[in-house]
Amino acid sequence: MSVALSGADVPRWVGYVLIPAINLALALFVSGLVILIIGENPIEAGRILLLGAFGDGDFIPHSYAIGYTLYYATNFIFTGLCFALAFHCGLFNIGGEGQAYIGGLGVGLACLYLDFLPFLLVFPLAILAAAAFGAGWAFIPGYLQAKRGSHVVITTIMFNFIASSLMVYLMVNVLIRPGQQSPESRPFADHIGLPQMHEMAAWFGADFSSSPMNLSFVFALFMCLIVWLLIWRTRWGFELRTVGQSPQAAVYGGISPSRNIILAMALSGALAGFVGINEIMGVHERLLLNFAAGYGFGGIAVALMGRNHPVGIVLASILFGILYQGGAELSFEMPTITREMIVVIQGLVILFAGALENMFRPRIEALFRRPAPSVAATAH
134 MSVALSGADV PRWVGYVLIP AINLALALFV SGLVILIIGE NPIEAGRILL LGAFGDGDFI
194 PHSYAIGYTL YYATNFIFTG LCFALAFHCG LFNIGGEGQA YIGGLGVGLA CLYLDFLPFL
254 LVFPLAILAA AAFGAGWAFI PGYLQAKRGS HVVITTIMFN FIASSLMVYL MVNVLIRPGQ
314 QSPESRPFAD HIGLPQMHEM AAWFGADFSS SPMNLSFVFA LFMCLIVWLL IWRTRWGFEL
374 RTVGQSPQAA VYGGISPSRN IILAMALSGA LAGFVGINEI MGVHERLLLN FAAGYGFGGI
434 AVALMGRNHP VGIVLASILF GILYQGGAEL SFEMPTITRE MIVVIQGLVI LFAGALENMF
494 RPRIEALFRR PAPSVAATAH
């Protein structure tokens, strides 16, 4: 018997750490060139961006800036998990924006019409409402994909537009507070809002500056754990990944692709619906238009950058939180770098992390490729 070498292997850290880091560095390098072209110092712009995201301890308290950064990151965690869960089943769910919108509608209705209940009852009911509304909205594209062959990319794009139109109709004609022009519902009862992070820190005697960061950040981390257990530690997760890798092999193994597609889309929509917990229940404390604010689309880049793993999604979400919060400070300190320019920088990160993710992968993997031992039984 002899041992023969066949095939090859690449260390996992190359795919999970090195390649995303190189893509991010390239995106920041190109962004620096753009800033240089418009006549600003890219190094100074980067310094201001980081100070805006983490504070300077003087004019911008650290806890204040970090609170805003993690508040934005919370939404990206939910939408990143939404995309990743569907992606493991071989689905490209672009409908996170609409599913977040409808999920927020569920949260708003629960908070508006169940406010006679104590907070400890309203909070879990609002979570269930967000999940049910988001899942229901994603169920239809999932069913059409599984049973009728309608591609989920097309249907989820259409459902984003339908969700937006539906919310406009409801906010203008049904849920608007009587006697006002702005399409907003009445404010929630005082006891309905989620505890803010600075309030929770005060419970333990810690000093944390006021910011929109609230309890939903903890809930988002909890959902990362749930998704990880679901995908990598359950039988259903194995079935889901099998369908995503090879539907034919799944059928051969007795796994129903259509059942898994529908279930994956429904759970994916439920995760996106939790954006409403952070935005509607945690910050605005009323139902209003446009609270989704593109988080559903940003979640696609977050999931791709995070390699569709909950840990990677958290790190990528914090990066996008830095770009959101630091970008706001940058556009304030450098008026020539407008809000649209910040969107361009975010777009470059998405471009290199998503669309061009495989541009350098073959060359980088070739540098680290090592022979993978395999046992070949050879009779002598």
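Note that our numbering gives residue 458 to position 325 of the sequence shown, counting from 1, and the numbers run on in steps of one. Glycine is no exception: its CB is placed at the ideal position from the N, C-alpha and C atoms.
Give me, in chain order, the residues of the same chain whose beta-carbon lies closer than 7 Å to that of Ala186; leave out the 5 immediate sequence neighbours on both sides. Closer than 7 Å at Cβ, skipping near neighbours: Ala198, Thr202, Ile455, Gln458, Gly459.
Give the straight-line distance between the Cα atoms of Glu466 and Arg145, rounded to the nearest whole angstrom. Distance from the CA atom of Glu466 to the CA atom of Arg145, rounded to whole angstroms, is 40 Å.
Contact check, Ile325 vs Asp248 under 8 Å by CB: the rounded distance? Correct: roughly 6 Å between the Cβ atoms.
For His513, count neighbouring Cβ atoms within 10 angstroms of its own Cβ and tell me buried if that reaches 16, exposed if not. Because the pLDDT at His513 is just 48, under 50, the model does not fix this residue reliably, and the point stays unresolved.
Mark Thr289 as exposed unless 16 or more other C-beta atoms lie within 10 angstroms of its C-beta, in which case mark it buried. When all chains shown are included, Thr289 counts as buried.
Ignore the nearest five residues each way along the sequence and tell me which others in Ala160's own chain have a CB closer than 6 Å to its CB. If the five residues before and after Ala160 are omitted, its C-beta is found closer than 6 Å to the C-beta atoms of Leu481, Val482, Phe485, all from its own chain and listed in chain order.
Work out the CA separation of Ala296 and Glu473 for me, nearest whole Å. Our two residues, Glu473 and Ala296, have alpha carbons roughly 25 Å apart in a direct line.
Work out the CA separation of Glu317 and Pro311 for me, nearest whole Å. One C-alpha to the other measures close to 10 Å.
Less than 9 Å between the C-beta atoms of Ala233 and Phe211, yes or no? Taking 9 Å as the Cβ cut-off, Ala233 and Phe211 qualify as a contacting pair.
Would Phe337 be called buried (16 or more neighbouring beta carbons within 10 Å of its own) or exposed? Around the CB of Phe337, fewer than 16 other CB atoms lie within 10 Å, so the residue is classed as exposed.
Proximity test, Phe501 beta-carbon vs the ligand FAD heavy atom, cut-off 8 Å: By its list of ligands, the structure shown contains no ligand whatsoever, and the ligand FAD lies outside what it can speak to.
Under 9 Å between C-beta atoms of Ser349 and Leu327: Cβ distance < 9 Å, so Ser349 and Leu327 count as in contact.
Alpha-carbon to alpha-carbon, Phe453 and Ala461: Approximately 12 Å between the Cα atoms of the pair.
Does the stretch 215-233 come within contact of the stretch 278-294, defined as at least 3 CB pairs closer than 8 Å? At 8 Å Cβ cutoff, the stretches touch.
Note down, in chain order, each residue of its chain lying with its Cβ closer than 8 Å to the Cβ of Gly172, except the 5 sequence neighbours on either side. Counting only Cβ-Cβ distances below 8 Å, and skipping sequence neighbours, we find Thr469.
DSSP state of Asn226, grouped into three classes? Shown here, Asn226 sits in coil according to DSSP, grouped into three states, outside any helix or strand.
Determine, using beta carbons only, whether Cys215 and Ile413 come nearer to each other than 9 Å. For Cys215 and Ile413, no; Cβs fall outside 9 Å.
Do Ala271 and Ala405 count as a contact pair if the criterion is CB distance below 9 Å? Cβ distance < 9 Å, so Ala405 and Ala271 count as in contact.
Does the stretch 259-274 come into contact with the stretch 371-390, if we say contact requires no fewer than three beta-carbon pairs (one atom in each stretch) closer than 8 Å? Counting Cβ pairs under 8 Å, fewer than three are found: no touch.
From Trp515 to Gly190, what does the alpha carbon distance come to, in whole angstroms? No answer is possible for residue 515: the residues shown for the chain start at 134 and end at 513.
Exposure of Leu400, with buried meaning 16 or more beta-carbon neighbours within 10 Å: The residue in question, Leu400, is buried, as its Cβ has 16 or more Cβ neighbours within 10 Å.
Exposed or buried, Val435, counting other C-beta atoms within 10 Å across all chains shown (16 or more means buried)? Val435 counts as buried, since at least 16 other C-beta atoms from the protein chains shown sit within 10 angstroms of its C-beta.
What residue range does the alpha helix (DSSP H) around Glu173 cover? Membership of Glu173 in any alpha helix (DSSP H) is not indicated, and neither H nor E is assigned to it by DSSP.
Residue burial classification, Pro153 (beta-carbon count within 10 angstroms, cutoff 16): Buried, by the Cβ-count rule.
So, Ile359 versus Gly223, is the Cβ gap smaller than 9 Å? In this structure, Gly223 does not lie closer than 9 Å to Ile359 by Cβ.
Restricting to runs no shorter than 3 residues, where is the beta strand (DSSP E) found entirely within the stretch 394-452? Fully enclosed beta strand (DSSP E) runs of 3 or longer: not present.
For Phe292, the first and last residue of its enclosing alpha helix (DSSP H): Counting along the chain, the alpha helix (DSSP H) containing Phe292 begins and ends at 285-302.
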